[in-house]
Amino acid sequence: MLPLLLFHTSMVFKPGIEVDINLPVSSQRTGVGDPSLAVAVDADGILYFRGQTLRDQVFSLPVSEAEENLPLSELLVNRAPDLDINIVQRSIEQGRVRVNGRLARLDDQLKGGQQVELELPSTELLRPQVIQAIQGGGKSPKEVSLLIQADKAVRHEAIIRLCTLAGQIGVGQVLLASRPPDFSRPFEPEPSAVP
0 MLPLLLFHTS MVFKPGIEVD INLPVSSQRT GVGDPSLAVA VDADGILYFR
50 GQTLRDQVFS LPVSEAEENL PLSELLVNRA PDLDINIVQR SIEQGRVRVN
100 GRLARLDDQL KGGQQVELEL PSTELLRPQV IQAIQGGGKS PKEVSLLIQA
150 DKAVRHEAII RLCTLAGQIG VGQVLLASRP PDFSRPFEPE PSAVP
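Residue numbers (numbering that gives the first Met the number 0): 0 to 194.
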């Protein structure tokens with residue numbers, strides 16, 4: 000009965016589940032006494048933050064005649080609810096926005112029938128949510144740690160993107176928590192005897 004009880008009470012960390020634990024602090028271990036925000040990332044680069052799933056997105060928007068002569072940033076903010084003006088301006092400056100296949104500029108005036116495409120990495124969607132969580136907690140970014148939960152299958156680039164985001168926001172510390180794979184080898188079912 001005791002092994003069964005222990006099996007049911009063990010903690011398994013899964014992406015997207017926020018776990019509130021007190022980490023030990025000693026001279027031999029790295030401890031975190033400040034509040035932390037946990038972001039999980041999987042092998043496909045999908046981010047999990049406070050119950051939300053964030054993926055890289057590509058917005059493809061045709062320009063209608065009613066939207067002619069609108070500034071590019073205004074069109075994108077009006078048509079895509081997850082975007083704010085800062086995300087759009089950064090995206091244009093970093094070359095992730097195209098108008099009819101060519102790189103867009105901030106001063107582009109749109110014409111009816113044009114096609115606008117915006118490549119938006121998941122970290123850009125995560126940024127305002129992390130800032131909002133920090134402000135909602137009444138803390139400054141330096142007082143908060145960002146905990147990145149990843150396993151071995153996560154590409155190094157995804158972790159670097161999260162670290163860069165944390166640095167741009169001004170987060171005090173970035174910690175990487177990795178977990179072993181669920182199984183040490185792939186599951187192989189027992190061969191069944193066919194009568």
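Heads up, the beta-carbon is just placed ideally off N, CA and C, and yes, glycines get one too.
All of these numbers come straight from a predicted model, not from anything done at the bench.
Neighbourhood of residue i by C-beta, 7 angstroms cutoff - its chain only, sequence neighbours within 5 removed
| i | result |
| --- | --- |
| A79 | F58 |
| A157 | V40, G44 |
| E66 | L74, L109 |
| R97 | A103, E116 |
| R54 | I45, S121 |
| G111 | V62, S63, E64, E67 |
| I130 | I168 |
Contact set for residue i: own chain, Cβ-Cβ below 6 angstroms, skip 5 residues either direction
| i | result |
| --- | --- |
| L119 | Q56 |
| L145 | L36, A165, V170, V173 |
Buried versus exposed call for residue i [16 or more other C-beta atoms within 10 Å across all chains shown]
| i | result |
| --- | --- |
| L73 | Correcting the residue identity first, residue 73 is Glu in this sequence and not Leu. Its Cβ having fewer than 16 others within 10 Å, E73 is exposed. |
| T122 | buried |
| P2 | With a pLDDT of 45 at P2, under the threshold of 50, the modelled position of that residue is not reliable, and no figure is offered here. |
| E167 | The identity of residue 167 in the sequence shown is Gln, whereas the question assumes Glu. It is exposed - the Cβ of Q167 has fewer than 16 other Cβ atoms within 10 Å. |
| Q148 | buried |
| A152 | exposed |
| I91 | buried |
| A165 | buried |
| R101 | exposed |
For residue i, the residue or residues it bridges with in DSSP
| i | result |
| --- | --- |
| Q108 | P70 |
| L119 | Q56 |
| P61 | Q114 |
| V98 | R101, V115 |
For residue j and residue i, believed in contact at Cβ under 8 angstroms, the rounded distance
| i | j | result |
| --- | --- | --- |
| P34 | V170 | Not confirmed; about 11 angstroms, so no contact. |
| P61 | Q114 | 6 angstroms |
| P261 | I133 | Only positions 0 to 194 of the chain appear in this structure, which leaves residue 261 out of reach. |
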